[in-house]
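Protein chains in written order, with the numbering used here: chain A, 4 to 509; chain B, 4 to 509. Report on the structure given below.
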C-alpha cells in the first residue's frame, strides 16, 4: 500500500492515487478457440508424444523416481516414456485451486477458480528508466522494483527477480534477493528453481519470516516457482532438483514450456500446443509423483518466433490464440492456468501499448488465474522498465475495473435523474450525479484525458514521463512493512551463515 | 487493394504488404457483463422512460407520423410517448442481418450474425500527419483518406467523412464528398443524415454509379448512415429528415445515442444503458414505422466523461463494460450491433495503443458487427490521423488473424516434426517448418520485432515514423478503381447541376 504523503506533501503532478487492494475475480465464461473435439485431438497427440517419443529428464534422481512410478526409462540415456494412464493419474492429484500465504496473511492470494492474480515483471537481464537509460540489472534497481511491487496494490505477487542483480556474486545472490523479498515486501514471492540448495534456503527463510514450521509451510504454502522446460521435450537438472525441493516443501509449481512456434516447437499452433501440453503435463506428473497434492499451475507461453530473426514475438495474433487455447487445455485437467502480459516492443510507444493489451485481454479472456509479467515487461522480457511498471499498473487497474460487476437496481437505473435532466438537458447538476461523481468512474494514473490544447500548453508530457514521476513518488513515500526485529536478526544471521558456507565451498 | 509495386519497385523500408481481402467472422460466443435479469431490468427501465417521460422529436412530420402510428404526442410540444407494445412491434420488423452492396459487388459487406465489418475513422474536424502536423480538415486530406480506405483491405467500409473538408462550401460540400466516395473508392460509404436533400443526392448518385433503379436500391442497399440522438432523450430535425429519406430509399440506419455518462446520461452505467436503449429503440421504431423492414443497426457508444473537464473519455473500463452490455441489449432485440475503435489520446503514444485495444477487444468480445472508427481515430475523434490509420490497420489485421480458426489435424499436430527435431533439438530446419514458415505467422506492418540493438542501430524508428512512410507508399501506389467514363460523366453532370441549384437558392 502506498503511504502517499507520509513524508512530504503530495506533489501536484505525478501524484499517485491507486485502487485499494482488491481480489480480482473474472466474471466471464472463458473464451474458446478450440472446439471439444480439437481439445481432445491435442490431448491425444500430447499423450502419444509422451508414450512413443518420450521426454528427456536430465537428472538421474528424477528418472529413477519416474521409473519406480512406472515410466519406461531408456537405459544409459535421459529419455523417459510415460503412458497416459500414469500421467493422468498423477496430475489428477493436483488441486484445482489453492492459496499462497506470505508473511502478511492479509496478502494471501488464491490461485484457481475465477481468481486473477497479477505478478510483477520477472527475470529481465536489464532494466531501464528515463533517467539512467538501459542498463544491466543490479541490486539497487532490484530493490527498487521490490519496493514498487510492495507499494502497488494491483500487483499481488512478486513474480521472480524483476531484474537480475548481476553486481552480486552469482553463488550467494539468492540470499540477498530472498532477504529483500522478505523485508522490503510482505507479499507472496518467487525463488528460482535453480538446484536444491537455493530452494531449501528460500523455504528456510520463509519459515523464519513466518514462524511456520516446515510441516505448517506444507499445509500453508507461501512461495511459487516457475519451472521452464527446455523445449522441445527436455527438462534440465537444476530445474528438476529445484522442483523437487519446493514440491517436497509443499510450495507451488508453475510449469511453463518454452514452446516458441517455429523454433522450439512446430511452426503450426496445433503442434506447438500438443508439445506444450506434453511438456507441461509430464512435468506436473513428476511433481505429483514426488509430492502428491502439491499445488501446480499449468503455464501457457506458446507464441510464434519472428522467422527473420528466430526470436520469439509476444502479443501477436498467434500468441493470443495460443493463450486462449492453453486455458482450455488447463481446464481440461482442472489445473489453474498461468499466462502473461507480454510484448516485443523496444520502447514505451504505441506498440508496447497494443501488444500488452493484446496479451492482457487474451489472458483474461482465457480465464488465466496467474498473470506473470503483469507490470514492467518490455523487449520480450529483456528489460524491466520502471516506467512500464507504472503504465502497466494503469492497464491492470483498468482490467480490474472492467471485470467489476455492473450494479443494476433502482438507484443505478436512475429514472428520476433522467426525468430531472429532461430531454435536451444535462446531468452535471442532478442530485444523482452530485452524490456519485467523485467515485463513479475509474480515475487514470497515466492516461491523459485533457484536450489537445491543454495537454500541449502543459508541456505535452508523454506517458513515460508521467510514469517516471509517479514511480519516484512511490519510492519516495515507500516504507517497509512491519517486521519483528528478532525475525530480521534471524534472517540476517541465516543469510550470513549460508553466505559463509557457500564461499568456503567455492 | 494496394497496388504495391505497380508504379515503382517496393521500398525497402516502409513497404506495405497486407492481408488479402477477407470477410471477418467472429467465432466466439459474445461475452456477457449482465445476467438475463439485469438485461430485462434495463429493458424495462428504457420502456418505462419512453412510456412515461417520452422523447423529444424535433420535427413536425416525424411527430405526426408517430402520432398516427399510435404514439401520444404532446399538443404544441415536441414530446412523444410510445408504449412498449408499439416500440417492440416496430423494431421486430428490422432484419437481424443484411448486406450492403456498393458499386463493386465484390466489396459487398454483410452486417449481422457473426460478421465483423471494420470502418475507417469518421467525422473528425481535424487531421494530422507527421509532415503537416495537426490541421483543420480539407478536401485534399479528405481524398487521401479515401484513397487509403480504398487501398487497405481490412478497412471494409468508409465510415463517414474521415475529416470534414471545411475548405469546401458547406452547402455543396456533400456533392464533392460523394463524388470522391464513388470515384476514388468502390466500397460501401456513408452520407450524413443532415436533412432531406443531401440524403436524396446520395441515393441519386449511388443510383447513377451502380445503374440500380430506386426500386433496385431498396432491395439491394449500398449506403448506411449513423443517426445520433441529441442525448438525453432528443433527436433533432435534420437527423430525422435524413433518416426518413434514407429509410424510404431502403438504405441502412445505424442509431447511436450520445450517452456520455455523467453529462448526457446518468453517472451510473445502468442508467446510461437504460437511456441508450430507450433512445436507440425509439429511433429504430420510427425508422421501421416509416419503412418497415429497413436495415437498422443498434449503436452503442456509451462511455464516461472525465469529471474534471466534462469531455467524454474512450477506451476506459466503463466504456468497455458498456460496449459489452450494449451487445447484449442489441441481441435481445435481434438487431446488428455497432461499436467503435475509440481512444482519448492526444498523441501516437502508448496511451493510444492501450486505449484503442481496450475498445477493439471490447467491441469484438461484445459481438459487434460494425466497428466504426476502426482506423485513424485520435483525440476522442477530434483528429483523423494518417499514421494512426496505418497503425490501426495493424490492430485490425491482428484482430482478424486472432479470429481465424486454429487448424487441428494430423499435419498441424506435427508429431513427425517433433520427432524429427527430437528432445533438445530445434525446428528451424525441419521439413515441416521449411514448407510453412513463410506464411505460418502474421507478418506485422508496423510492429518492430528486432532486438533493441538492431532497432537502435537502424535509427530507432517509432511506429508513427514507420506508419508515415507506409501511408505515403500506399498513396503513391494508389490507382482509382475502374469506372465507366459514361458513369463518371453522369456523376459530374449531376454534381454540377445540383451545385448550381443550391448556389441559386442561397
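All C-beta atoms in this analysis are idealised placements derived from N, C-alpha and C, irrespective of residue type, glycine included.
Test: residue i CB closer than 7 angstroms to a CB of chain A
| i | result |
| --- | --- |
| residue 364 of chain B | yes |
| residue 271 of chain B | yes |
| residue 19 of chain B | no |
| residue 435 of chain B | yes |
| residue 409 of chain B | yes |
| residue 41 of chain B | yes |
| residue 376 of chain B | no |
| residue 138 of chain B | no |
| residue 401 of chain B | yes |
| residue 59 of chain B | yes |
| residue 95 of chain B | no |
Identified DSSP bridge partners for residue i
| i | result |
| --- | --- |
| residue 103 of chain B | B/112 |
| residue 192 of chain B | B/226 |
| residue 301 of chain A | A/258 and A/340 |
| residue 378 of chain A | A/123 |
| residue 137 of chain B | B/131 |
| residue 352 of chain A | B/352 |
| residue 373 of chain B | B/120 and B/341 |
| residue 238 of chain A | A/60 |
| residue 263 of chain B | B/306 |
| residue 426 of chain B | None; residue 426 of chain B has no bridge partner. |
Contact test: residue i Cβ vs the ligand GTP heavy atom, cutoff 6 angstroms
| i | result |
| --- | --- |
| residue 438 of chain A | What this structure holds is no ligand at all, so the ligand GTP is not there to describe. |
is_contact[residue i, chain B] using C-beta, thresh 7 angstroms
| i | result |
| --- | --- |
| residue 357 of chain A | yes |
| residue 353 of chain A | yes |
| residue 283 of chain A | no |
| residue 157 of chain A | no |
| residue 88 of chain A | no |
| residue 237 of chain A | yes |
| residue 307 of chain A | yes |
| residue 349 of chain A | yes |
| residue 16 of chain A | Below a pLDDT of 50, predicted positions are generally treated as unreliable, and residue 16 of chain A, at 38, falls in that range; the measurement from the model is reported next regardless. So no, residue 16 of chain A is outside the interface. |
CB-CB length for residue i against residue j, believed under 8 angstroms
| i | j | result |
| --- | --- | --- |
| residue 284 of chain A | residue 94 of chain A | 6 angstroms |
| residue 346 of chain B | residue 318 of chain B | 5 angstroms |
| residue 491 of chain B | residue 186 of chain B | 6 angstroms |
| residue 273 of chain A | residue 415 of chain B | 4 angstroms |
| residue 298 of chain A | residue 98 of chain A | 6 angstroms |
| residue 141 of chain A | residue 169 of chain A | 7 angstroms |
| residue 446 of chain B | residue 20 of chain B | 6 angstroms |
| residue 451 of chain B | residue 354 of chain A | 7 angstroms |
7 angstroms Cβ cutoff met for residue i and residue j
| i | j | result |
| --- | --- | --- |
| residue 413 of chain A | residue 211 of chain A | no |
| residue 307 of chain A | residue 264 of chain A | yes |
| residue 197 of chain A | residue 209 of chain A | no |
| residue 351 of chain A | residue 129 of chain A | no |
| residue 104 of chain B | residue 223 of chain B | yes |
| residue 417 of chain B | residue 435 of chain B | yes |
| residue 114 of chain B | residue 295 of chain B | no |
| residue 172 of chain B | residue 148 of chain B | no |
| residue 329 of chain B | residue 370 of chain B | no |
| residue 34 of chain A | residue 409 of chain B | no |
| residue 199 of chain A | residue 248 of chain A | yes |
| residue 342 of chain A | residue 326 of chain A | yes |
| residue 50 of chain B | residue 87 of chain B | yes |
| residue 3 of chain B | residue 250 of chain B | Residue 3 of chain B is absent from the model: chain B starts at 4 and stops at 509. |
| residue 392 of chain A | residue 151 of chain A | yes |
| residue 243 of chain B | residue 62 of chain B | yes |
| residue 382 of chain A | residue 471 of chain A | no |
Any C-beta of chain D under 7 angstroms from that of residue i
| i | result |
| --- | --- |
| residue 243 of chain B | Of the protein chains in this structure, namely A and B, none is chain D. |
**Asked** Just checking, does the stretch 199 to 211 of chain A make contact with the stretch 167 to 186 of chain A on the three C-beta pairs under 8 angstroms criterion?
**Response** yes
**Asked** Contact between the stretch 66 to 74 of chain A and the stretch 82 to 93 of chain A: three or more CB pairs below 8 angstroms?
**Response** yes
**Request:** State whether the stretch 439 to 449 of chain B contacts the stretch 353 to 365 of chain B, with contact taken as three or more CB pairs (one from each stretch) at a distance under 8 angstroms.
**Result:** no
**Message:** Does the contact criterion of 3 or more C-beta pairs under 8 angstroms hold for the stretch 249 to 269 of chain B versus the stretch 25 to 32 of chain B?
**Reply:** no
**Request:** Flag this pair as touching only if the stretch 398 to 414 of chain A and the stretch 363 to 383 of chain A have three or more C-beta atom pairs under 8 angstroms; answer yes or no.
**Result:** yes
**Message:** For the pair the stretch 118 to 128 of chain B and the stretch 235 to 252 of chain B, tell me if three or more CB-CB distances fall below 8 angstroms.
**Reply:** no
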